[in-house]
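Reading through the structure tokens given below for one structure.
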């Protein structure tokens, strides 16, 4: 649900950016990687004492394993991340998306490659669905 919520917020932000642009209002989706904060502390993050066997071997299980050991060893420096957000938002033109951190950039590149692969695999057949008299 966490990632689904982030995806929904990004979609709303993209839609708002297009709808609000004529009024001079900009929107930017900040997509941070992992930053060295207290987010993974037990004061901030609560996980079940026992894990459901159905999740073993899944991405959710891998994420929980990672969160058990990653606290305060995350890649990103929150001060540098905040400084970049401030710098970007001080510009006249905001990017639609700001991948924040090396890991966030890599995730975005993987997503772009996946979308390109999907498009390439079906591009000709998809384009062939146009009406015969369409230009």
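In the working numbering, the protein residues as written are 168 to 302. Every residue gets a Cβ at the ideal spot worked out from N, C-alpha and C, and that includes glycine.
- If you check the CB distance, residue 189 and residue 248 do not come in under 8 Å.
- Taking 8 Å as the cut-off, the beta carbon of residue 262 is found closer than this to the beta carbon of residue 195.
- Residue pairing of residue 202 in beta bridges, as defined by DSSP: 243.
- Pairing residue 222 with residue 298, the inter-Cα distance amounts to about 46 Å.
- Here residue 201 has 237, 241, 242, 243, 268 and 270 as same chain residues with Cβ atoms under 8 Å from its own Cβ, once five neighbours each way along the sequence are excluded.
- Residue pairing for residue 264: DSSP places it in a beta bridge opposite 196.
- Under the 10 Å beta carbon count, residue 266 is surrounded by 16 or more other beta carbons and is classified as buried.
- The residue among 239, 276, 259 and 278 with its C-alpha nearest the C-alpha of residue 203 is 239.
- In its chain, beyond the 5 residues on either side, no residue has a beta carbon closer than 6 Å to the beta carbon of residue 300.
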